[in-house]
Structure formats: structure tokens, C-alpha cells
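Last residue of the sequence shown: 578 in this note's numbering, with the numbers rising by one and none dropped. Only one structure is covered here, and it is reproduced in the block below.
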Amino acid sequence: MSFGPRDRDAMVARLEAETFDLLVVGGGITGAGIFRDAALRGLKVGLVEMDDFASGTSSRSSKLVHGGLRYLENYQFGLVHESTTERTKLERLAAHLVRPLPFLMPVWKDSKHGLEFMNLGLWLYDALSLFGVYRIHSRLGRKELIKAAPMVRQEGLTGGLLYYDAVTDDTRLTVENILGGRLAGGAVLSRARAEGAEFRDGRVASVTVRDLVTGRTLAVRAKSVIAAAGPWTESAQAALGVVNGPRLRPTKGTHVIVPFDKAPFATAVVMVTPQDGRAAFIIPWHGATVIGTTDTDYEGDPANVFASREDVDYLLAAARYHFPGMTATAGDVIGTWAGLRPLLRSEGVSESKVSREHFIHVDPRGIVTIAGGKLTTYRLMAKECLEALAPFLDAALPKPITGHTPLPYRGDLSDVAAREAAIARLQSERGSIERPEATPAPARDCCAIRSPAPACSGGVPEDIARHLVNTYGAKAEALLELAVATPALAERLDPRWPYTGVEIAWAAREEMALTLIDALCRRTLVFYLLGDGLEPAARKAAAIMSVELGWDAARIQAEVDGILRYQDRHLACVR
4 MSFGPRDRDA MVARLEAETF DLLVVGGGIT GAGIFRDAAL RGLKVGLVEM
54 DDFASGTSSR SSKLVHGGLR YLENYQFGLV HESTTERTKL ERLAAHLVRP
104 LPFLMPVWKD SKHGLEFMNL GLWLYDALSL FGVYRIHSRL GRKELIKAAP
154 MVRQEGLTGG LLYYDAVTDD TRLTVENILG GRLAGGAVLS RARAEGAEFR
204 DGRVASVTVR DLVTGRTLAV RAKSVIAAAG PWTESAQAAL GVVNGPRLRP
254 TKGTHVIVPF DKAPFATAVV MVTPQDGRAA FIIPWHGATV IGTTDTDYEG
304 DPANVFASRE DVDYLLAAAR YHFPGMTATA GDVIGTWAGL RPLLRSEGVS
354 ESKVSREHFI HVDPRGIVTI AGGKLTTYRL MAKECLEALA PFLDAALPKP
404 ITGHTPLPYR GDLSDVAARE AAIARLQSER GSIERPEATP APARDCCAIR
454 SPAPACSGGV PEDIARHLVN TYGAKAEALL ELAVATPALA ERLDPRWPYT
504 GVEIAWAARE EMALTLIDAL CRRTLVFYLL GDGLEPAARK AAAIMSVELG
554 WDAARIQAEV DGILRYQDRH LACVR
């Protein structure tokens, strides 16, 4: 079932013609999870998103599916158990997107907690996951820690710990939930803003939706509504006429990306910032290194969130304090992203102490609002929202099936061995995927846990094969078929990285990418890795999208100009 711009008119027609059991407002990970869950249960469900899917917080997280080790310090054992068990499930249900990631935790004499205390904490962490973690944590002596992280500050170092959480692509996780809901019969429309609601006999009857592509106003008939609008929760409630709903205290989280050779970490690292004692991470990421995150109150426009120079200096100073051998400076930054955590308003506590737990508000007219929460537990939040909505449905709510229904692209790639076999198959294909024009960045799987892949012998280069399988799962071969049918799509967008033109064509044909920013910032991650090399790749991608979407020369230039301006906003802090 295709899901490209050419299908958009059909989606509009469905939203106008049908009466839905549920309309979801918001296309981030929470809304997408609700949409898929409801569709899989057999509900007639629609979803509207005012921008692109995952264009807010759900494309700007730390890309981690984790239990939240620091929540143990706040005695939030229930939240940790919930998160760690969900991590284990997602590693199975979305094995191509949610993969184990090793973390090092160095411990010094002046650390807040000593090595023995942290070791006990990690035993509790593993136990709260019911020991479903990829591997049980291990304690490292001082020499072992230095060997694992040679750049570490050695003065006062007592040793460390190695434990496992998971890494993901938050945007693609969101998009696959959207696709899953669509495949199960849901109607979904991006660039469609909810602007009002009509009520009949004390119940919601319809939602007024503005199609931001055509300017048309749609009256979407719905018996109930769930608002899952993230940082826009309060404005969504205002549009829907909800009063006394949850109020937010958004906090800003910034990440910076530097070249791998400036911060060569073989595994992820968790550290405590010396400035204020907050937890932060260093993560090997697609051949580069990500450092994040900040946690500061934010009161501006949720659509205008970018890294500041203070954010960059804060993160780099924290990393260099713990790892003085790291040479990265602000001048080395090739990309940044910043997003807002839609946390519930609370007073009298610091930003990092605000609860990450979610809250569900029920308006008796059939409107449910969800606020707060975290990426890892999106599936459970969806389940709870539908249970809260159950009294407004005409029939009993069917049982959920998302706990044992894989995401659409996973196919039979349910473990590391299956993924490695798929990578080997792509490498043996006699396709026309282009070989590197220059020495590429190291092809590092984010999880750093893999068996050796066979050398490429005439098929897809190893870095591209690994990237395709770890991004598109069982659909990787379908992308390769597109490249074989249209050899021009086989060209790399940039010689240093494994992204090819076929991903841009796929984004437009199958994943409702309507703009160059959609394709390069969210359906792929190439935007964040190219730095000053973005423009040539953007022009290649725009040319491909022009074929798919019928853009003329003026539109191509406007799209390229637009993404370069967007990059300027992301990198203004270091220029």
C-alpha cells in the first residue's frame, strides 16, 4: 500500500467522507503509537499532524530507548521497570531500528557515588528489566576502563561499569508507526492543523481541520479525540475547547555532532556534567559522535528551538572535563539539534528533577489529552490513552495487539543474526549501488555489536548494505530494486556516507515526504552529518524529488535555499 504525495487526495477524501471512532491530533511518536494501536484493534481512526510526522520532539531526542538509570536515584522504580521491559520488547518488535548499545560509566574518587554503590545500582537496573537486557552489566577495573576509553581522565579514576541500553532512530520509529496504522486501515494526513471542534449533545461531533497544503477547511466527523501534541499540548487544547487540561513546563534538550576523529568513542558513555551534576551522554552515531543533552527551561515558540552557543560550550566542556584526550571544539561541530520535552508543569524543582512520567486528562465530552512521557514507553502510553477513551466508544474496546505485532519494516529480521544475514545478501546482490568516490567515514553500526560481515564482491558495498538493513529492515531489498531499475538513484548523496538517492525516492513515494527538509532531516539523517558539504547533496536530493513530485526549476531552488537556511539556524551557534 503506497503512502506518497499522490495518495494525499485520497486521504483528504476519507477524512471528509467518513465518521471516525477516533481522531488523533498530533503525529509525533505518541500520536503515531495511538494511531497504530487503534487501527490494529479495528477502530476507525484518523490522524492529523500540522507539520511533518515527527517534526517536533520526536525527531530531536537522544535517540535512546532506555530505562532511565538516573530515575533510580529518585526512587522511581516503577518507571524504570516499565521502561526497561519496554526496551526489551522494542528490541524484538523493531529489531532493525531498536538495537542494543553498550554504555561505559567511569567512576572517580570524587564521583557522587562510588564504584560499589553504582555496581549495586546496575544490578537493580538489570533486575527491574527482569534480566531481559541484551547482556548483564559488568564491573571494570581501572586498567580495563582506560583500555576501553583511552581519553578518560585518569586522575582519581577507580574503575567503571559497562551496561546495555538501546539506540534507535526516533523519526523512523514514528514513521513506521504511522505506516503501520495506515496499513491497518487508518486515514492519516500531514500538514493538517486542528483549529476547532463542534459538539452535539455534550459530546464532540467533529473537528475543524485546515489543510495547510491546499488551504481548504475540512470538517472531520469523529466520536472522540485524543490530543497528543507534545510541546503544543496547550494550544491544541485551546483549539479543541478543552479547559483545565494539563499545563506544561517544557525543557530544552540540545545535542551537538562532531566528527568521529575529534571524539573517537567506540562505545557510548554516560557522564555527570561538572557544571550542575546532570546526566549526559556521548554516543558513537552513524560514523560521527553525538554529545548531549542539556536540560533547561524554555518559554518561547516550540517551533523555534535551536542550539545556543551556551548549550554547545556546556556540552563540550563537560565532555572534555571527563575525557581530556578529546580534541573536539565548537569549531568542529558539524550539526546540532534541539527539542523540547513536553513535561508537566511543576514548581519548586530544577529542570532535571521534573517528572518524566506522563499524565492523561479526560474531558467528559470525549476528548483525551496526554502530556509528558518518554519515547521508550510510547506503546504503553498509547494503550493507556485508548483505555481512557473506552467509555466514549460505541462498543467494547478490543484487546491490544501491539505487544506482539512487529513494526512494518521488521519482517523476519528479529535478531542480530538475521540482520547480518540480510546484510550479507545485499552485499552479494549484483546491483548498481555506487562504490565510494572517496574514503568513507568508518561504517560503524551504532550498537557496536555485530559479527563480521563478508567482504563485498560485486554487490552492495558493506557500509551501504549495513545502513539499508539497519534503517529499512526487510524493505532494504525493495529499495535496492528501485536502484537497479533506475541506476541514477544508486549514486551516493555524499561520497563520505552510505546515503543514496534511492532513499530520497523511497521517502517521496512510500513515506509521504513532501519537502527536502522532510527527506534529508527526518526520513534520512544526512542533514546532520554533512556540515558545509550539505549543498551538493541537497541539490542531488532535490533533483530526485522533482521527478517524484513534479517540481519545476523554481521549486527546486526554493527547496535547496530553504534547507540551507534551516541549516544556518542549526549552526548559527558555532559560526
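The beta carbon of each residue, even a glycine, is placed where N, CA and C say it ideally should be.
So, with DSSP's three-state summary, where would you put residue i?
{"i": "A456", "result": "Low confidence applies here, because A456 scores a pLDDT of 36, under 50, leaving its location unreliable and the question unanswered by this model."}
{"i": "P501", "result": "coil"}
{"i": "H364", "result": "strand"}
{"i": "A310", "result": "coil"}
{"i": "E432", "result": "coil"}
{"i": "P262", "result": "strand"}
{"i": "Y531", "result": "helix"}
{"i": "K255", "result": "strand"}
{"i": "T236", "result": "helix"}
{"i": "L400", "result": "coil"}
{"i": "R447", "result": "In this prediction, R447 has a pLDDT of 42, which is less than 50 and means its spatial position is unreliable; nothing more can be read from the coordinates."}
{"i": "G295", "result": "strand"}
{"i": "T372", "result": "strand"}
{"i": "V357", "result": "coil"}
{"i": "V246", "result": "coil"}
{"i": "D564", "result": "helix"}
{"i": "D300", "result": "strand"}
By how many angstroms is the C-alpha of residue j removed from the C-alpha of residue i?
{"i": "D55", "j": "E158", "result": "48 Å"}
{"i": "I370", "j": "G534", "result": "43 Å"}
{"i": "I452", "j": "H140", "result": "No answer about I452 holds up, because its pLDDT of 34 lies below 50 and its placement is not dependable."}
{"i": "M154", "j": "I520", "result": "36 Å"}
{"i": "E506", "j": "M548", "result": "10 Å"}
{"i": "H116", "j": "L164", "result": "13 Å"}
{"i": "G59", "j": "G30", "result": "9 Å"}
{"i": "E85", "j": "L552", "result": "43 Å"}
{"i": "A222", "j": "T22", "result": "10 Å"}
{"i": "G36", "j": "Y412", "result": "15 Å"}
{"i": "I286", "j": "A544", "result": "28 Å"}
{"i": "G233", "j": "G144", "result": "43 Å"}
{"i": "I260", "j": "Y502", "result": "18 Å"}
{"i": "I363", "j": "C388", "result": "7 Å"}
{"i": "D264", "j": "I32", "result": "33 Å"}
{"i": "A320", "j": "G280", "result": "13 Å"}
{"i": "L574", "j": "I566", "result": "12 Å"}
{"i": "Y167", "j": "P498", "result": "32 Å"}
{"i": "F309", "j": "A333", "result": "15 Å"}
{"i": "H407", "j": "V136", "result": "18 Å"}
By Cβ distance, which residues of its chain are closer than 7 Å to residue i, with the 5 residues on each side in sequence left out?
{"i": "S435", "result": "Its pLDDT being 48, under 50, S435 is placed unreliably in this model, and the value from its coordinates should be taken loosely. Correct list, in chain order: A486, V487, P490 and A493."}
{"i": "R206", "result": "R368 and G369"}
{"i": "I181", "result": "G30, A35, F38, F56 and V191"}
{"i": "C450", "result": "For C450, the pLDDT reaches just 42, beneath the cut-off of 50, and the residue's location in the model is therefore unreliable, leaving the point undetermined."}
{"i": "F80", "result": "L131"}
{"i": "A540", "result": "L496, D497, V529 and L533"}
{"i": "R447", "result": "Note on R447: pLDDT 42, under 50, position unreliable in the model; no value is reported."}
Residue range of the beta strand (DSSP E) that residue i falls in?
{"i": "R213", "result": "R206 to D214"}
{"i": "M108", "result": "R102 to W111"}
{"i": "W288", "result": "A282 to W288"}
{"i": "M515", "result": "Careful: M515 lies outside any beta strand (DSSP E) and carries neither H nor E."}
{"i": "R196", "result": "A195 to R203"}
{"i": "L25", "result": "L25 to V28"}
{"i": "M14", "result": "No beta strand (DSSP E) contains M14, which is instead part of the alpha helix (DSSP H) from R11 to A20."}
{"i": "T220", "result": "T220 to A225"}
{"i": "A271", "result": "A271 to V275"}
Take residue i and list the residues in its own chain whose beta-carbon comes closer than 6 Å to its own, dropping the five residues that flank it on each side.
{"i": "A468", "result": "I426, L429 and Q430"}
{"i": "M53", "result": "R196"}
{"i": "A266", "result": "T292, M329 and A331"}
{"i": "A152", "result": "L107"}
{"i": "P409", "result": "L96"}
Looking only at its own chain, which residues have a Cβ that is under 8 Å from the Cβ of residue i, when we skip the five neighbours before and after it?
{"i": "G1", "result": "Outside the shown range of the chain (4 to 578) lies residue 1, about which nothing can therefore be said."}
{"i": "S2", "result": "The chain is shown from 4 up to 578; residue 2 falls before or after that span and cannot be answered."}
{"i": "Q570", "result": "F530 and L537"}
{"i": "G256", "result": "R63, S64, S65, G295, T296, T297, D298, A341, G342, L343 and R344"}
{"i": "W126", "result": "H140"}
{"i": "D214", "result": "V15, L192, R194, A195, T220 and L221"}
Starting from residue i and walking both ways along the alpha helix (DSSP H), at which residues does that stretch end?
{"i": "V487", "result": "A479 to A488"}
{"i": "M384", "result": "Y381 to L392"}
{"i": "G338", "result": "From DSSP, G338 is part of no alpha helix (DSSP H) but of the beta strand (DSSP E) over G338 to R344."}
{"i": "T33", "result": "I32 to L43"}
{"i": "A575", "result": "That residue, A575, is in no alpha helix (DSSP H); it is neither H nor E in DSSP."}
{"i": "L552", "result": "L537 to L552"}
{"i": "A468", "result": "E465 to Y475"}
May I ask whether a heavy atom of the ligand HEM can be found less than 7 Å away from the beta carbon of residue i?
{"i": "V136", "result": "Summarising the ligand content, the structure contains no ligands, and the ligand HEM is consequently not present."}
List in chain order: all unbroken alpha helix (DSSP H) runs of 4+ residues lying wholly within the segment 45–96.
Taking only runs of at least 4 residues, the alpha helix (DSSP H) segments lying wholly in the segment 45–96 are 80–96.
Those runs of the alpha helix (DSSP H) which lie wholly inside the segment 103–191 and span at least 4 residues
118–131, 145–151 and 173–186
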